[in-house]
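For the sequence shown, our numbering begins at 4 and goes up steadily by one. Structure first, commentary second.
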Amino acid sequence: MNLAAINAWPEDHAIAAFRRCCGSTRWSEQMARSRPFPSEEALFDAAECTWWGLDPADWLEAFAAHPRIGDREALRAKFAATAAWSAREQSGVVGASEDVLQALAEDNTRYHDRFGYIFIVCATGKTAEEMLALLRERLSNDPGLEITIAAAEQAKITRIRLEKLES
């Protein structure tokens with residue numbers, strides 16, 4: 004991360020860069036206005052505080068900026084701006100069996116039907132089987148609990164992506 008560059012970016016560039024880390028418009032705008040950050044830790048703290056100060060509608064906007072786990076076509080098309088990051092984050096699905104990939108697709112649809120948004124999980128370091136188990140476990144959650152869990156997963160993803168920001 005190049006903190007000096009982040010602090011010096013024009014506001015529109017900062018908003019766009021932060022938007023790659025988290026798809027919430029309000030979060031990205033607030034982060035751009037919060038600069039300059041005196042340290043990386045201050046940036047991470049601002050990201051976390053800003054995130055948890057948003058409304059669930061902002062969280063849903065951020066969730067919508069992600070492809071479904073294992074959806075390679077979406078990675079190439081709609082999510083081109085973050086496709087490389089998402090592909091690395093979801094690398095655990097690369098060696099998955101067709102049965103696991105099919106189950107992920109089916110359960111992603113069930114999840115979306117139940118909660119109204121895609122399954123959000125910080126996929127970094129997780130295998131397809133682990134993600135499938137988490138998806139199935141979370142399908143039984145109360146909607147109020149689940150959106151909070153999904154928001155916490157988004158916060159983890161955002162932190163990882165902030166660490167990758169370049170000039």
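C-beta atoms are modelled at their ideal positions from N, C-alpha and C, and glycine is treated no differently.
Among the options, nearest to residue i - alpha-carbon criterion
i           : options            : result
residue 67  : 25, 45, 10, 56     : 25
residue 6   : 140, 41, 150, 131  : 41
residue 22  : 132, 35, 60        : 35
residue 39  : 12, 20, 19         : 12
residue 72  : 125, 169, 10, 33   : 125
residue 127 : 162, 103, 110      : 162
residue 147 : 33, 16, 139, 62    : 62
residue 70  : 169, 111, 105      : 111
residue 59  : 164, 165, 157, 166 : 157
residue 164 : 51, 37, 15, 14     : 51
Span of the alpha helix (DSSP H) around residue i
i           : result
residue 5   : Here residue 5 belongs to no alpha helix (DSSP H), and DSSP marks it neither H nor E.
residue 147 : 146-166
residue 141 : 131-141
residue 58  : It is not in any alpha helix (DSSP H) - residue 58 carries neither H nor E in the DSSP assignment.
residue 30  : 28-36
residue 24  : 14-24
residue 117 : 101-118
With three or more beta-carbon pairs closer than 8 Å as the criterion, would you say the stretch 116-123 touches the stretch 23-37?
The stretch 116-123 vs the stretch 23-37: no contact.
Any 3 or more C-beta pairs closer than 8 Å across the stretch 147-164 and the stretch 56-66
Segments in contact, yes.
Kindly confirm or deny that the stretch 129-148 and the stretch 43-52 touch, where touching means at least three C-beta pairs closer than 8 Å.
With a cut-off of 8 Å, the stretch 43-52 and the stretch 129-148 do not count as touching, because too few Cβ pairs lie within range.
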